[in-house]
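In what follows, a structure is listed as structure tokens, so that the remarks can point back to it.
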Amino acid sequence: MVRPSISAAIERRVRTAAQSRCGYCLSPQHLVMARLEIEHIIPLAKGGSNAEANLWVAFPICHRRLGELGVLRMNELDVKTAVATAVTYLKDLYSDEQLKNLRLEEVWLSDDEKYWYITIGYDSPTSVRDPLAILRPPEREYKVLKVRVEDGRVVEMKIRQP
Numbered sequence: 008m009v010r011p012s013i014s015a016a017i018e019r020r021v022r023t024a025a026q027s028r029c030g031y032c033l034s035p036q037h038l039v040m041a042r043l044e045i046e047h048i049i050p051l052a053k054g055g056s057n058a059e060a061n062l063w064v065a066f067p068i069c070h071r072r073l074g075e076l077g078v079l080r081m082n083e084l085d086v087k088t089a090v091a092t093a094v095t096y097l098k099d100l101y102s103d104e105q106l107k108n109l110r111l112e113e114v115w116l117s118d119d120e121k122y123w124y125i126t127i128g129y130d131s132p133t134s135v136r137d138p139l140a141i142l143r144p145p146e147r148e149y150k151v152l153k154v155r156v157e158d159g160r161v162v163e164m165k166i167r168q169p
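Numbered per the numbering used here, the sequence shown spans residues 8 to 169.
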């Protein structure tokens with residue numbers, strides 16, 4: 008059976024979202040003498056896919072010792088994956104604009120544990136018609152993204168008022 012390859016663009020986005028840290032131990036790459044490898048959160052053999060939401064990076068030793076033992080990932084890692092997915096989704100959606108000062112504002116898990124709600128804030132683009140706008144502090148805009156826990160897909164986005 009031929010394994011489908013992961014595109015260079017998806018690999019680049021996964022590595023960027025991980026911020027050069029292992030998904031298991033969270034150690035930064037510059038402290039460990041090993042290259043971070045792309046890994047499937049749900050293995051292909053167990054029905055996983057090459058979708059961006061199903062990929063993360065890990066050191067080979069962490070993958071061998073923890074991943075193959077079936078060690079469950081901590082909730083924090085699930086949060087990181089959901090946040091990375093939401094940020095990527097927002098950047099792709101607004102690719103024509105340059106979102107400045109993008110920051111995670113808040114995250115919460117729904118009571119039924121089926122959805123992550125992720126609030127992301129960014130500086131509102133200044134109006135070309137208002138030349139004095141650059142003298143004032145930028146206004147913030149906020150988006151709340153609803154990410155399904157089951158498959159990591161963004162299913163909803165709402166505007167949150169400041």
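Glycine included, each C-beta is placed from N, C-alpha and C at the ideal position.
- Taking a contact as a CB-CB distance under 8 Å, the pair Ile125 and Leu109 does not count as one, their CB atoms being some 12 Å apart.
- Unbroken beta strand (DSSP E) runs of no fewer than 3 residues, entirely contained in the segment 115 to 142, are found at 122 to 130, following chain order.
- Secondary structure of Ile13 (DSSP, three-state): coil.
- By the criterion of at least three beta-carbon pairs nearer than 8 Å, the segment 84 to 97 is in contact with the segment 18 to 38.
- Per DSSP, the beta bridge partners of Arg147 are Asp130.
- Nearest to Ile17 by C-alpha distance, out of Glu59, Lys53, Tyr129 and Arg147, is Glu59.
- A direct Cα-Cα distance of roughly 24 Å separates Lys121 from Lys98.
- Counting along the chain, Leu62 sits inside the beta strand (DSSP E) bounded by residues Leu62 to Ala65.
- Distance between Asp85 and Pro132, taken at the CA atoms: about 31 Å.
- For the set Asp130, Ile166, Trp115 and Glu104, the Cα lying nearest the Cα of Ile141 is the one of Asp130.
- Minimum Cα-Cα distance from Pro145 among the listed residues His37, Leu106, Met40 and Arg19 corresponds to Leu106.
- In the three-state reduction of the DSSP assignment, Arg19 falls in the helix class.
- Cβ-Cβ distances below 7 Å link Val21 to Ile45, Glu59, Leu62, Trp63 and Val64 in the same chain, with the five nearest sequence neighbours on each side left out; the list follows chain order.
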